[in-house]
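Here the structure comes first, spelled out in structure tokens, and everything after it is commentary.
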Amino acid sequence: QVTLRESGPALVKPTQTLTLTCTFSGFSLSTSGMCVTWIRQPPGKALEWLALIDWDDDKYYRTSLKTRLTISKDTSKNQVVLTMTNMDPVDTATYYCARSWRGNSGDLDYWGQGTLVTVSS
Amino acid sequence: QSVLTQPPSVSGAPGQRVIISCTGSSSNIGAGYDVHWYQQLPGAAPKLLIYDNNNRPSGVPDRFSASKSGTSASLAITGLQAEDEADYYCQSYDNTLRGSLFGGGTKVTVL
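First to last, the protein sequences are chains V and X. The first sequence begins at 8 in the numbering used here and counts up one residue at a time. The second sequence begins at 179 in the numbering used here and counts up one residue at a time.
The following block contains the structure:
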């Protein structure tokens with residue numbers, strides 16, 4: 008079955024770089040149409056789409072965060088990594104990774120449980 | 179600006195019908211991109227509820243239905259139940275942003 012799990016630090020200091028890893032199973036990111044997306048949700052607020060990487064290694068970023076985000080994949084390890092530079096307290100959120108098997112505009116049919124990242128000195 | 183607008187909250191008594199709207203623009207819903215809906219129960223990750231405008235994944239009750247017209251979409255819950263109390267989000271692709279958008283979310287309260 009398809010599973011995704013996010014991992015990374017629970018606490019980062021302002022100005023530091025956050026590195027999150029999404030480890031998945033049950034599908035291959037080399038399959039045509041397959042994508043992994045990162046989404047975040049500040050406490051009590053709405054979902055925010057952050058970045059997507061597809062089977063062809065094409066990458067897409069939230070416009071407002073484009074200069075701070077990098078998404079990459081390691082197909083052999085079934086992992087997708089998101090880095091976010093210059094972290095700020097407003098970046099405190101639960102970060103989710105999710106799968107789409109029908110391209111960039113497809114639905115997100117499987118989600119990880121999320122990982123809470125707090126930005127504080 | 180590319181946004182998907184949802185009402186912050188809707189409420190209804192058990193058994194009633196509630197509708198959640200999702201209003202976009204010509205660069206997303208109006209451009210023909212599919213709308214997807216997610217249910218987020220308290221403390222849980224979002225779950226896919228409706229895909230491609232009006233399709234339910236296996237296991238989603240038929241009390242949930244959705245439609246799309248022009249630059250808007252809507253999600254209907256009929257026969258509202260206490261377990262439907264959750265946040266609901268719409269999602270669509272935007273060709274200006276070259277990425278997805280989520281709506282602001284709607285909290286459904288069962289009175």
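For every residue, glycine included, the Cβ atom is placed at its ideal position computed from N, Cα and C.
Residues sharing a beta bridge with residue i, DSSP
| i | result |
| --- | --- |
| V:Lys20 | For V:Lys20, which the question treats as bridged, DSSP gives no partner whatsoever. |
| V:Arg12 | V:Thr30 |
| X:Tyr267 | X:Tyr216 |
| V:Asp98 | Beta-bridge pairing links V:Asp98 to no other residue. |
| X:Thr287 | X:Ser189 |
| X:Thr183 | X:Thr201 |
| V:Thr76 | Correcting the residue identity first, residue 76 of chain V is Leu in this sequence and not Thr. Paired residues: V:Met91. |
| V:Asp61 | V:Cys42 |
| X:Asn273 | Bridge partners of X:Asn273: none, in fact. |
Interface residues of chain V facing residue i [CB-CB closer than 8 Å]
| i | result |
| --- | --- |
| X:Ala223 | Tyr103, Trp118, Gly119, Gln120, Gly121 |
| X:Asp230 | Asp114 |
Within 7 Å, strictly: CB atoms of residue i and residue j
| i | j | result |
| --- | --- | --- |
| X:Ser252 | X:Ile207 | no |
| X:Ala223 | V:Trp56 | no |
| X:Asp265 | X:Gly283 | yes |
| X:Gly277 | X:Tyr267 | no |
| V:Pro21 | V:Ser112 | no |
| V:Trp62 | V:Ser32 | no |
| X:Ser180 | X:Asp272 | yes |
| V:Ser83 | V:Cys42 | no |
| V:Ala105 | V:Thr44 | yes |
| X:His214 | V:Asp81 | no |
| V:Asp116 | X:Leu279 | no |
| X:Ile228 | X:Ala209 | no |
Cross-chain neighbours of residue i in chain X, by beta carbon under 8 Å
| i | result |
| --- | --- |
| V:Leu115 | His214, Tyr216, Pro224, Leu226, Gln269 |
| V:Ala53 | Tyr267, Phe280, Gly281, Gly282, Gly283 |
Residue closest to residue i, alpha-carbon to alpha-carbon, out of the options
| i | options | result |
| --- | --- | --- |
| V:Leu59 | V:Tyr103, V:Lys84, V:Ala53 | V:Tyr103 |
| V:Lys52 | X:Pro186, X:Arg234, X:Ala209, X:Leu275 | X:Pro186 |
| X:Gly257 | X:Asn232, X:Ala244, X:Val196, X:Asp212 | X:Val196 |
| V:Thr77 | V:Val19, V:Leu18, V:Thr28 | V:Thr28 |
| V:Ile46 | V:Met91, V:Val9, V:Asp64, V:Lys84 | V:Met91 |
| V:Thr26 | V:Gly110, V:Ser37, V:Glu13 | V:Glu13 |
| X:Glu261 | X:Gln218, X:Asn232, X:Asn231 | X:Gln218 |
| V:Asn93 | V:Leu18, V:Gln8, V:Asp64, V:Gln23 | V:Gln23 |
| X:Arg291 | X:Pro220, X:Gly221, X:Tyr216 | Any answer about residue 291 of chain X is impossible in this case: the structure gives chain X only from 179 up to 289. |
| V:Val124 | V:Leu54, V:Asp65, V:Val88, V:Gln48 | V:Gln48 |
| V:Gln66 | V:Thr74, V:Leu72, V:Leu54, V:Ser79 | The question names Gln, but residue 66 of chain V is Lys in the sequence shown. The option with the nearest alpha carbon to V:Lys66 is V:Ser79. |
| X:Leu275 | V:Pro16, V:Tyr68, V:Gln8, V:Asp64 | V:Tyr68 |
Chain-ordered neighbours of residue i on chain X, where CB pairs are closer than 7 Å
| i | result |
| --- | --- |
| V:Leu59 | Gly277 |
| V:Trp56 | Gly277, Ser278, Leu279, Phe280 |
Under 9 Å by beta carbon: chain X residues contacting residue i
| i | result |
| --- | --- |
| V:Asn111 | Tyr271, Arg276, Gly277, Ser278 |
| V:Arg69 | Leu275, Gly277 |
Contacts of residue i in chain V (Cβ-Cβ under 7 Å)
| i | result |
| --- | --- |
| X:Pro220 | In chain order: nothing, as chain V lies at least about 11 Å away. |
Chain C contact for residue i (CB, 7 Å cutoff)
| i | result |
| --- | --- |
| X:Val288 | Included in the structure are the protein chains V and X, with no chain C among them. |
9 Å Cβ cut-off: residues of chain V touching residue i
| i | result |
| --- | --- |
| X:Pro235 | Asp114, Asp116 |
Item checked: the stretch 188-201 of chain X in contact with the stretch 274-289 of chain X per 3-pair CB rule at 8 Å -> yes
Check: Any chance the stretch 97-112 of chain V sits against the stretch 240-255 of chain X, with 3 or more Cβ pairs inside 8 Å?
Finding: no
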